[in-house]
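Remarks on the structure that follows.
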Amino acid sequence: MRRYLPLSKAIILTILVFISWLLAACNVSEQPTVSATKVPSLSPTPTKTASPPPPSSTPIPLAATVNGEGLTIEEYQAELARFQAAQEMTGTKGGTDGENQVIEDLINQILLAQGARESGFVVETVTIQERLDDLEKKIGGEQALKEWMGANDYTVESLEKALTRSIAAAWMRDRILDEVPELADQLHVRQILLYNSEEANEVLAQLKAGKDFASLAEAYDPITLGDLGWFPRGFLTTPELEQAAFSLQPDEYSQVIETSLGFHILQVIEHDPQRPLDPEARLVWQEKALQDWLEAQRKQSEIVILIPQ
């Protein structure tokens with residue numbers, strides 16, 4: 259199904275590069291202990307006022323604080339090094355070294371982990387040890403694990419801390435994604451897409467004179483017949499098309515709609531107010547739900563970035 263124009267961010271799952279690779283490495287099929295049995299509400303959690311660590315004679319340099327919780331320079335630099343190494347390995351290195359992306363992703367991870375704790379989630383010590391044991395087994399033994407940790411800028415302490423945070427963040431992420439409904443109001447739509455306004459207006463005139471929409475759609479697109487498939491609100495990335503489509507009844511067609519892609523005429527084929535979302539559409543909704551949750555958390559949180567940007 260064509261969505262028209264890419265999303266500004268990649269899904270979900272983007273949604274947590276660091277969580278994904280850590281948990282994939284450590285096999286998270288089992289669920290850590292949750293002290294609360296009630297599924298939490300996914301509305302933004304109240305503004306948190308976490309106490310900073312007690313003062314010491316040698317303060318730990320911080321890259322950022324999130325509601326009083328510190329992100330150390332050491333953690334940030336190690337994560338940045340891993341990110342840059344991954345870019346080099348995959349050949350995806352862009353025009354920047356990823357500093358902003360890394361700090362923003364780490365902040366998102368902290369916000370999610372804080373949300374999990376506010377919801378009563380607890381990562382047990384035994385769970386962390388199980389993950390480490392599993393990772394050691396997968397990598398090939400204790401010595402291999404030590405070499406892997408050294409190559410990836412981890413100490414035992416920093417790996418345990420990263421696992422604790424990422425497991426809590428993944429738990430909160432999954433609660434948000436699970437709240438996205440499986441059924442939604444959807445339309446089945448086809449279109450005629452043209453590339454100049456004169457021709458588009460001529461086609462519109464033919465439709466008004468009684469020409470069959472399906473026949474014209476086939477003439478201009480014999481491969482797909484202009485079929486855009488089923489989609490819910492919030493799926494198309496061109497809001498003018500979505501707005502026009504949802505204003506129509508079945509068998510009705512739109513006026514000419516100009517977008518960056520050309521000139522469209524839409525027709526609603528079917529309307530189902532409770533149709534199951536297909537995997538792609540639900541993924542888009544899940545991505546938006548996660549982004550909305552993070553944006554709401556950021557607005558009510560105290561976030562201080564202490565490194566140059």
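For the record, in the sequence shown the residue sitting at position 159 is 417 according to my numbering, with numbers rising by one throughout. Built from N, CA and C at the ideal position, the CB exists for glycine as well.
#1: What are the residues that DSSP puts in a beta bridge with Y511?
#2: Would you please verify whether the beta carbon of Q372 is less than 8 Å from any beta carbon of chain B?
#3: What is the DSSP secondary structure of F379, counted as helix, strand or coil?
#4: Spatial neighbours of L552 within its chain, please: C-beta separation below 8 Å, excluding the five flanking residues on both sides.
#5: Would you check if the distance between the CB atom of V514 and the CB atom of A458 is smaller than 8 Å?
#6: Mapping the DSSP letters down to three states, classify W279 as helix, strand or coil.
#7: So for L564, helix, strand or coil by DSSP?
#8: Based on the DSSP output, what are the partners of D392 in its beta bridges?
#9: How about L452 and Q464: are their beta carbons less than 8 Å apart?
#10: Could you check where the alpha helix (DSSP H) with L486 kicks off and where it finishes?
#11: Expressed to the nearest angstrom, what Euclidean distance is found between the alpha-carbon atoms of K419 and T330?
#12: Assign L441 to buried or exposed, taking buried as 16 or more other Cβ atoms, counted over all protein chains shown, within 10 Å of its Cβ.
#13: Please confirm whether Q449 and H529 have their CB atoms less than 8 Å apart.
#14: Here's the rule: buried if 16 or more other CB atoms are within 10 angstroms of the residue's CB, otherwise exposed. What is A502?
#15: CA-CA distance, V461 and Q544?
#16: Relative to the C-alpha of S518, which candidate in R491, I481, P537 and S455 has its C-alpha closest?
#17: Applying the 10 Å Cβ sphere with the 16-neighbour rule, what's the burial state of M347?
#18: For P319, which residues from the same chain have a beta carbon less than 8 Å from its beta carbon, with the 5 sequence-adjacent residues on both sides left out?
#19: What residue does the alpha helix (DSSP H) around E500 start on, and which one ends it?
#20: Mapping DSSP to helix, strand and coil, what is S445?
#21: Quick check: A322 and I561, are their CB atoms within less than 8 Å of each other?
#22: Applying the criterion that 16 or more other CB atoms from any shown protein chain within 10 Å of the CB defines a buried residue, is V360 buried or exposed?
#23: Distance check for T496 and P490, CA to CA, integer angstroms please.
#24: Along the chain, where does the beta strand (DSSP E) containing V324 start, and where does it finish?
#25: Under a three-way DSSP split, which group does D530 fall into?
#26: Return the bridge partner residues of I450 from the DSSP annotation.
#27: Helix, strand or coil for L506 per DSSP?
A quick look at the data gives this:
#1: Q525
#2: As a matter of chain content, chain B is missing from the structure shown, which is built from one protein chain.
#3: strand
#4: N366, L369 and L370
#5: yes
#6: Because W279 carries a pLDDT of 45, less than 50, the predicted location of this residue cannot be relied on, and the following value inherits that uncertainty. Here W279 sits in helix by DSSP.
#7: coil
#8: None, per the DSSP bridge assignment.
#9: no
#10: Note, L486: premise wrong, no alpha helix (DSSP H); beta strand (DSSP E) at D485 to P490.
#11: 12 Å
#12: exposed
#13: no
#14: buried
#15: 38 Å
#16: S455
#17: exposed
#18: T330, I331 and E332
#19: P497 to A503
#20: In the sequence on display, residue 445 carries Leu and not Ser. L445: strand per DSSP, three-state reduction.
#21: yes
#22: buried
#23: 13 Å
#24: L320 to V324
#25: strand
#26: I523
#27: coil
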